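Structure record follows, encoded as structure tokens.
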Amino acid sequence: MNAEQAKFLADHYANLIEKELPATAAVLAAVNEGDRNYKPDPKSRSAFDLAVHIARADTFLIPSALKGNFDNDPEAGKRWAAQFSDAAQVAAFYRREVSETVQQVRAADAGVLLRDINFFGLVTGPAANMLVFAHDHSLHHRGQLAAYLRAMGSKVPNIYGPSADAEPART
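Encoded structure:
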């Protein structure tokens, strides 16, 4: 990957992440308080824990890649998650912080984007490649959480088109 390719990839993924932000925030906000502990299976994360995971990952992975260091302390992560008492707080945080993260991506110079980073010993490659993983990870978990919503009694927001819960019925 050369400098021009790294900047192109960063700009492309900044645009994609920014485009997905409203839908992801809407899915996070849709976790209703009464059913926040819903899990489709005992091995699954609860709806609220999954919402917090999305917010944490989307504001941790990209800045960490740009810094060149993934310093993940599980205990610090638990303390970080404790700042949220409801899904509305998670969604507001997500809107604000992911917008800032997108600006960091756009401002990153090619040297930062080309720097090889080690992702927890699983893979090493240019920081720009982490944007692909971060985007895909976010959409994966957003889809997972969206699939929880109706089953747990929440309304499913519009994501890529009209939702039966968000749009009036068509006749």
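Following our numbering, the residues of the sequence shown are numbered contiguously, the last one being 171. Note that CB positions come from ideal geometry on N, CA and C, so glycine has one too. The structure presented is a predicted model; accordingly, all values stated were derived computationally and were not measured.
If distances are taken between C-alpha atoms only, which option among the options comes closest to residue i?
i           : options              : result
residue 108 : 7, 1 and 2           : 7
residue 121 : 39, 100 and 70       : 70
residue 131 : 153, 68 and 157      : 68
residue 174 : 103, 118, 119 and 54 : Outside the shown range of the chain (1 to 171) lies residue 174, about which nothing can therefore be said.
residue 34  : 112, 138 and 86      : 86
residue 91  : 118, 106, 49 and 105 : 49
How many Å lie between residue i and residue j at the Cα?
i           : j           : result
residue 127 : residue 29  : 30 angstroms
residue 1   : residue 114 : 7 angstroms
residue 155 : residue 166 : 7 angstroms
residue 88  : residue 26  : 9 angstroms
residue 147 : residue 164 : 13 angstroms
residue 15  : residue 78  : 30 angstroms
residue 157 : residue 141 : 15 angstroms
residue 175 : residue 32  : Absent from the structure is residue 175, since the part of the chain shown begins at 1 and ends at 171.
residue 100 : residue 20  : 14 angstroms
residue 139 : residue 10  : 17 angstroms
residue 55  : residue 5   : 28 angstroms
residue 65  : residue 137 : 14 angstroms
residue 73  : residue 52  : 16 angstroms
residue 82  : residue 61  : 19 angstroms
residue 47  : residue 112 : 35 angstroms
residue 63  : residue 22  : 20 angstroms
residue 118 : residue 149 : 35 angstroms
residue 153 : residue 37  : 12 angstroms
residue 3   : residue 106 : 14 angstroms
residue 133 : residue 97  : 18 angstroms
residue 17  : residue 24  : 10 angstroms
residue 80  : residue 143 : 23 angstroms
With 16 as the cutoff for other CB atoms within 10 Å, does residue i come out buried or exposed?
i           : result
residue 40  : exposed
residue 184 : A query on residue 184 cannot be resolved here, the shown segment of the chain reaching from 1 to 171 and no further.
residue 135 : buried
residue 94  : buried
residue 58  : buried
residue 124 : exposed
residue 44  : exposed
residue 76  : exposed
residue 160 : exposed
message: To test your reading of the DSSP string, which unbroken beta strand (DSSP E) runs of 3 or more residues are found completely within the stretch 95-157?
response: 116-119 and 123-126
task: Identify every run of the beta strand (DSSP E) within the stretch 30-90, keeping only runs that are complete inside it and at least 3 residues long; order them along the chain.
output: none
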